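Student: Residue numbers (the numbering used here): 155 to 425.
From the three backbone atoms N, C-alpha and C, an ideal C-beta is built for every residue, glycine too.
Values in this document were obtained by computation on a predicted structure and should not be read as measured data.
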């Protein structure tokens, strides 16, 4: 990492949030070592993530609470000093080609206030080329002060004040290493998503849960050509169906319980 003196201008800050990312953090940070500073906000890692991040030159901010993905990313954003900010997740990698394009955009003072980056995502042994995962543009590079994350506890996104442009190079996204991680994320994310939706007034039935699950499969496997991704495409379509089914089923379950149960949304582990 190009660590500038405290008084030097910081052109690019990289921000990310972590919890128990020992399998990802080193490769992730190595891929952004062209940045002037790296800000890591960690929410209680116990596997050595913090130590590896500090060894890579990152500024690590440790927190004891978990307010949700959006608020946690805004904490990282508030700590950034760069003229430009690159937001990245621990399971993502900036390719050398993308790094060059990012540097060029900053040095040439891109006219846009934010840049969308295409992700190539990994699912249990291979990169997915269809299934609604390609192309997958996400807004990750932006001028500091021109964007902020929503306060959603899950499925947060950037709200940009100004114009955006697309970069040509891709970012690698190792979203699911194996099927054990798939099942874990389905459970955790469907719980967080259901509680967030329930707190906002969403209600559902078992029948709706089934229909949403069926639709998620049909959309992924047929409409978005998941069958062209082979066995992995089929598995991905099934896992999308499971995630959608469990999300709506858990909304229904919350409605059967004490309505105050939704207030515990932020206590669910995010990994």
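Where does the unbroken alpha helix (DSSP H) through residue 443 begin, and where does it stop?
Tutor: Past the edges of the chain, shown from 155 to 425, lies residue 443, and the structure says nothing about it.
Student: How would you write the range of the alpha helix (DSSP H) that residue 369 sits in, first residue to last?
Tutor: Locating residue 369 in the chain shown gives position 215, where the first residue counts as 1. Here the alpha helix (DSSP H) through residue 369 covers 360 to 372.
Student: Since residue 392 and residue 371 are thought to touch, with beta carbons under 8 Å apart, how far apart are those beta carbons, to the nearest angstrom?
Tutor: Start at 1 with the first residue of the chain shown, and residue 392 comes out as number 238. Start at 1 with the first residue of the chain shown, and residue 371 comes out as number 217. Residue 392 to residue 371, Cβ: 7 Å. Contact.
Student: Considering just the uninterrupted stretch of the beta strand (DSSP E) at residue 254, what are its terminal residues?
Tutor: Taking the chain shown and counting its residues from 1, one reaches residue 254 at position 100. Residue 254 -> not in any beta strand (DSSP E); alpha helix (DSSP H) instead, spanning 250 to 261.
Student: How big is the Cα-Cα spacing for residue 207 and residue 164?
Tutor: The residue you call residue 207 lines up with position 53 of the chain shown. The residue you call residue 164 lines up with position 10 of the chain shown. So the alpha carbons of these two residues sit roughly 19 Å apart.
Student: Taking the beta carbon of residue 322 as the centre, do at least 16 other beta carbons fall within 10 Å, making it buried, or is it exposed?
Tutor: Here the question's residue 322 lines up with position 168 in the chain shown. Answer is exposed; the Cβ neighbour count stays below 16.
Student: By DSSP, does residue 302 sit in helix, in strand, or in coil?
Tutor: Start at 1 with the first residue of the chain shown, and residue 302 comes out as number 148. In this structure, residue 302 counts as strand in the three-state DSSP scheme.
Student: Does the Cβ of residue 311 have 16 or more other Cβ atoms within 10 Å, making it buried, or fewer, making it exposed?
Tutor: Within the chain shown, numbered from 1, the residue matching residue 311 stands at position 157. Exposed: under 16 other Cβ atoms inside 10 Å.
Student: Using a Cβ-Cβ cutoff of less than 7 Å, which residues in the same chain neighbour residue 161 once the five nearest sequence positions on both sides are dropped?
Tutor: Walking along the chain shown from the start, residue 161 turns up at place 7. Summary for residue 161: the model assigns pLDDT 48, below 50, so the residue's position carries little reliability, and this model does not support an answer.
Student: From residue 385 to residue 233, what does the alpha carbon distance come to, in whole angstroms?
Tutor: The sequence position of residue 385 within the chain shown is 231, counting from 1. The sequence position of residue 233 within the chain shown is 79, counting from 1. Straight-line Cα distance between these residues: approximately 43 Å.
Student: Using beta-carbon positions only, say whether residue 324 and residue 274 come within less than 8 Å of one another.
Tutor: By 1-based counting over the chain shown, the position of residue 324 is 170. By 1-based counting over the chain shown, the position of residue 274 is 120. Contact: yes.
Student: Indicate whether residue 319 and residue 264 have their beta-carbon atoms separated by less than 8 Å.
Tutor: Here residue 319 refers to the residue found at position 165 of the chain shown. Here residue 264 refers to the residue found at position 110 of the chain shown. Cβ atoms of residue 319 and residue 264: closer than 8 Å.
Student: Within the continuous beta strand (DSSP E) that includes residue 172, where are the two ends?
Tutor: To locate residue 172, count along the chain shown from 1; it is residue 18. Residues 166 to 172.
Student: Confirm, please, whether the CB-CB distance from residue 314 to residue 293 is below 8 Å.
Tutor: In the chain shown, the residue the question calls residue 293 occupies position 139. In the chain shown, the residue the question calls residue 314 occupies position 160. Going by C-beta atoms, residue 293 is nearer than 8 Å to residue 314.
Student: Relative to the C-alpha of residue 305, which candidate in 383, 199, 231 has its C-alpha closest?
Tutor: If you number the chain shown from 1, residue 305 lands on position 151. Comparing Cα-Cα distances from residue 305 to each of 383, 199, 231, the minimum goes to 231.
Student: Report yes if the CB atom of residue 236 is closer than 8 Å to the CB atom of residue 267, and no otherwise.
Tutor: Position 82 of the chain shown, counted from the first residue, corresponds to residue 236. Position 113 of the chain shown, counted from the first residue, corresponds to residue 267. Against a cut-off of 8 Å, the Cβ pair of residue 267 and residue 236 comes out as no contact.
Student: Rounded to whole angstroms, what's the CA-CA distance from residue 401 to residue 374? Just pull it up for me.
Tutor: Taking the first residue of the chain shown as position 1, residue 401 is located at position 247. Taking the first residue of the chain shown as position 1, residue 374 is located at position 220. If you take the alpha carbons of residue 401 and residue 374, they lie about 17 Å apart.
Student: Quick one: what's got a C-beta closer than 6 Å to residue 191's C-beta in the same chain, skipping five residues either side?
Tutor: On the chain shown, residue 191 is found 37 positions in, with the first residue counted as 1. These residues qualify, in order along the chain: 164, 167.
Student: What are the boundary residues of the alpha helix (DSSP H) that includes residue 182?
Tutor: Sequence index remark: in the chain shown, residue 182 carries index 28 (1-based). Start and end: 179 to 184.
Student: Regarding residue 210 and the ligand SAH, is the C-beta to nearest heavy atom distance less than 7 Å?
Tutor: Ligands in the displayed structure: none, and consequently the ligand SAH is not present.
Student: Looking at the structure shown, is residue 319 part of a helix, part of a strand, or coil, going by DSSP?
Tutor: Mapped onto the chain shown, residue 319 falls at position 165. Looking at residue 319 - three-state DSSP - the assignment turns out to be strand.
Student: Could you compute how far the alpha carbon of residue 420 sits from the alpha carbon of residue 221?
Tutor: By 1-based counting over the chain shown, the position of residue 420 is 266. By 1-based counting over the chain shown, the position of residue 221 is 67. Note on residue 420: pLDDT 49, under 50, position unreliable in the model; no value is reported.
Student: Answer with buried or exposed for residue 327, where buried requires no fewer than 16 other C-beta atoms within 10 angstroms of its C-beta.
Tutor: Sequence index remark: in the chain shown, residue 327 carries index 173 (1-based). Under this definition residue 327 is a buried residue.
Student: Of all the options 368, 196, 214, which has the alpha carbon lying nearest to the alpha carbon of residue 173?
Tutor: Taking the chain shown and counting its residues from 1, the one referred to as residue 173 is at position 19. Closest by alpha carbon: 196.
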